[in-house]
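Q: In mature numbering (1 follows the signal peptide of the UniProt record, and there is no 0), the protein residues as written are -23 to -1, 1 to 188. Glycine included, C-beta positions come from ideal geometry on N, C-alpha and C. The structure that follows is given in the form of structure tokens.
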Amino acid sequence: MKKYIYNIVALLFVALGTTSCQKDDETKFSQLPDQRVQAKMAEYKQVLTQAPFGWQMFYSLGSNIEYLSYQIATFSADNTVTLHSPDLSKPITSEYKLIAKDDIELMFSTFNENLTIFSYPSERVPKGYGGDIEFNFKSVNARKNEVVLEGKKYKGKLILRKAKEEYKDFDRLKDFVKYLAEQRGGVRYMNLAVTHGLEGASEEKPVSIGI
């Protein structure tokens, strides 16, 4: 009889221990996804902000409009981003943030003439240029010097490549753009293929710049 009672008590302890472990595991695993998301967001922000010379930004718009913009982007820890584009004389600073929805996203949360302008309609293009302000992270390479993102709505590709030195070629590009505009009798959007003077540009693989 005593042995029977001991067995019942032992089973009760096992049951209580199992229930306790299950509750602990449920609590632990219910917290893990959010912890993982926060850790990943912190990792992405660290990658973006640890670029002393900024990022070479290549942006290919989505929709039916083919346009590729080349810029230098510098992300700061205070959630500001500065974009320097060859067709503007001064860099423009706006705000960005990392958010977690279905995926972790990079959002350009305030207006920036160098980038978010492509998301807004105009008289020439009533439906806009097919630009996004929210981008899903697709990949970060092992060396953390290239980040690939995709526009959430129009699926345009945004590629960030870490610049190796301070960029100083904008003046030459602007002079050439001005010359081309004079030859055409006015300024309009076009693609300029650069084969020298930009990192990675060559005759075989020219860098296309939207101007």
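Please state whether the Cβ-Cβ distance between methionine 84 and glutamate 127 is less than 7 Å.
A: no
Q: Under a Cβ-count criterion, where at least 16 other Cβ atoms within 10 Å of its own Cβ denotes burial, should alanine 119 be classed as buried or exposed?
A: exposed
Q: For glutamate 20, which three-state DSSP category applies?
A: helix
Q: Count the other C-beta atoms from every protein chain shown that fall within 10 angstroms of the C-beta of phenylalanine 6, then say buried if there are 16 or more, exposed otherwise.
A: Confidence in phenylalanine 6 is poor, its pLDDT being 39 and thus under 50, which makes the residue's placement unreliable; the coordinate value appears in the next sentence. It counts as exposed.
Q: Check whether the stretch 51 to 60 and the stretch 71 to 84 are in contact - that is, three or more C-beta pairs closer than 8 Å.
A: yes
Q: Considering only residues of the same chain and omitting the five flanking positions on each side of tyrosine 97, which have a CB-CB separation below 7 Å?
A: Gly105
Q: Buried or exposed, going by whether 16 or more other CB atoms sit within 10 Å of the CB of alanine 140?
A: buried
Q: Rounded to whole angstroms, what is the Cα-Cα separation between glutamine 15 and proline 68?
A: 31 Å
Q: With distance defined between alpha-carbon atoms, name the residue in Glu123, Ile136, Arg138 and Lys132 nearest to glycine 39.
A: Lys132
Q: Using the Cβ count rule (16 or more neighbours within 10 Å means buried), how would you classify isoleucine 76?
A: exposed
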